[in-house]
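Worksheet: the structure to be examined is printed underneath.
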Amino acid sequence: MEKIYLDHAATSPVHPEVLETTYETMKNFYGNASSIHGFGREARHLLDDARSVFAKSIGAKQSEIVITSGGTESDNTAVIETALSRESMGKHLITSKVEHHAILEPMEYLESLGFEVTYLPVDEFGQVDPELVQSAIRPDTTLVSIMYGNNEVGTLMNIAEIGAIVAETESYFHTDAVQAYGLEEIDVKRSQIDLLSVSAHKINGPKGVGFLYVSEAIHLPSFMRGGEQETKRRAGTENIPAIAGFKKAVEIMQAEKVQRKEAYNTLKQQVVSELTEAGIDFEVNGASENGLAHVLSLWIKEIPSDQLLMNLDLMGIAISAGSACTAGNIEPSHVLTAMYGENNPRVSQSVRVSFGLGTEPQMIHELVEKLVIVVNRLKK
Ligand SMILES: Cc1ncc(COP(=O)(O)O)c(C=O)c1O
């Protein structure tokens, strides 16, 4: 049975050129980038090159990129270090109810330390109203963290508008761009972003690597303490092969961005029209047309999402329910709960289909075919 992977928002397959670059780098450049001999200098050169590509991709300076182990570390660093280092200025933080757990958990941790967190609500499209951000900001607010694009329903937030609001205050503005990076045009200066999180494995790069953009206008202490790597902002010997692979993934994504976005939007329309033709009773969650091109959340009416998922898995098709980063654990989605309310059937009857490298129209066709079989079986 040919397996079909439609869960690219959870993680994506490594691009063959990324694999090659990572392997060749691991084989040939094993020097420690902090060493001053030739082996070290070669590794340092690769690191500097990669940093420059990352910086350019978001309109930042090379010195503003801190390489991390991925989205979770970038998010944790941005939230926890900002809060702790600015504690004397205030203990109030703002975020939204639909953030990834890599933001929500650190926020809860900070609450346990005596910080106060405002969790902004969203509308039925998963949008945070910038006016709510404006009215929630207080003199003691030190951080506003609102995601760029949502991982479960694909909603894109009004980041530039929120950035402009936060820029008028003393607060820092962080955005989790883990899902948006690659397909969306991100400019940290234009959107007045102070901190931004990115992860490589969502864009066909290796797992366990990412970066945190830290504007030169702000100060952020190191989350990892030890050596003086990353100009003392993130201790630990750099994973040069993974970083070189990540750089390759960014270059490929930039070259293919426009075609990929178009292709994913077409696949989205295909899912919707084929499901409609097949007579499936469903609705799209969120603002699919204006959202992230690779994410489509569907409410398949009266079908529990865990049963649908397991049955499709047995037939060789991988999709997901809710956030896949809490994998294996299908709890009611906090995102759908925030959008539609706790008792709405959508919360337990929704699945996410997400596209990426290698997704073909034929795969969508097979997904719909098998979904019809499972839905009819489960309805009996
Ligand atoms: C929006 C968002 N933020 C953060 C993360 C965590 O990133 P990582 O898996 O690189 O730690 C994810 C992963 O799914 C995500 O979708």
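In terms of the working numbering, the sequence shown opens at residue 3 and continues consecutively.
C-beta: ideal position from N, C-alpha, C; glycine also.
Expressed to the nearest angstrom, what Euclidean distance is found between the alpha-carbon atoms of residue i and residue j?
i: Ala329; j: Ser193; result: Residue confidence for Ala329 is low, a pLDDT of 47 falling below 50, so the modelled location carries little weight; the figure read from the coordinates is stated next. When rounded, the distance between both Cα atoms is 32 Å.
i: Leu8; j: Thr361; result: 7 Å
i: Val349; j: Thr233; result: 45 Å
i: Gly33; j: Glu26; result: 13 Å
i: Phe284; j: Val273; result: 11 Å
i: Glu113; j: Tyr121; result: 12 Å
i: Val124; j: Glu304; result: 25 Å
i: Lys63; j: Met28; result: 27 Å
i: Ile302; j: Glu133; result: 33 Å
i: Thr171; j: Val370; result: 49 Å
i: Ser347; j: Val353; result: As written in the sequence, residue 347 is Pro, which differs from the Ser given in the question. C-alpha separation (whole angstroms): 12 Å.
i: Ser71; j: Asp50; result: 17 Å
i: Phe56; j: Gln256; result: 11 Å
i: Ser76; j: His47; result: 23 Å
For residue i, which three-state DSSP category applies?
i: Leu375; result: Just to set this straight, residue 375 is Ile in the shown sequence, not Leu. In the structure shown, Ile375 sits in a helix (DSSP, three-state: H, G or I).
i: Arg236; result: coil
i: Ser325; result: Low per-residue confidence applies at Ser325: pLDDT is 47, beneath 50, and the placement is therefore not dependable enough to give any value.
i: Ile302; result: strand
i: Ser173; result: coil
i: Gly73; result: helix
i: Val119; result: strand
i: Asp51; result: helix
i: Pro94; result: According to the sequence provided, residue 94 is His. The question's Pro does not apply to it. DSSP places His94 in strand when its eight states are reduced to three.
i: Leu198; result: strand
i: Asn287; result: strand
i: Ala320; result: strand
i: Ser37; result: coil
i: Phe56; result: helix
i: Ile67; result: strand
Quick one: does the C-beta of residue i sit closer than 8 Å to a heavy atom of ligand 1?
i: Ile139; result: no
i: Met149; result: yes
i: Glu107; result: no
i: Asp77; result: yes
i: Ser65; result: no
i: Gly318; result: no
i: Gln181; result: yes
i: Asp196; result: no
i: Ala104; result: yes
i: Ala251; result: no
i: Lys204; result: yes
i: Gly33; result: no
Go ahead and label residue i buried or exposed: buried means 16 or more other beta carbons lie within 10 angstroms of its beta carbon, across all protein chains shown.
i: Thr144; result: buried
i: Gly228; result: exposed
i: Asn378; result: exposed
i: Ser325; result: Unreliable placement is indicated for Ser325, whose pLDDT of 47 sits below 50; the coordinate value is still reported in the next sentence. Ser325 comes out buried.
i: Asp315; result: exposed
Excluding sequence positions up to five away, which residues of its chain have a Cβ less than 6 Å from the Cβ of residue i?
i: Pro108; result: Asn78, Val81, Ile82
i: Gly151; result: Leu158, Gln181, Ala182, Leu294
i: Lys381; result: none
Kindly list the residues whose CB is nearer than 8 Å to the CB of residue i, restricted to its own chain and excluding five residues on each side of it in sequence; keep chain order.
i: Gln231; result: Ala35, Ser36, Ala237, Gly238, Thr239, Glu240
Residues in its own chain within less than 7 Å of residue i by CB, not counting five upstream and five downstream?
i: Ala85; result: Leu95, Leu112, Phe117, Thr144, Leu145
If you measure from the beta carbon of residue i to each beta carbon in chain C, is any gap under 9 Å?
i: Lys204; result: No chain C is part of this structure, which consists of one protein chain only.
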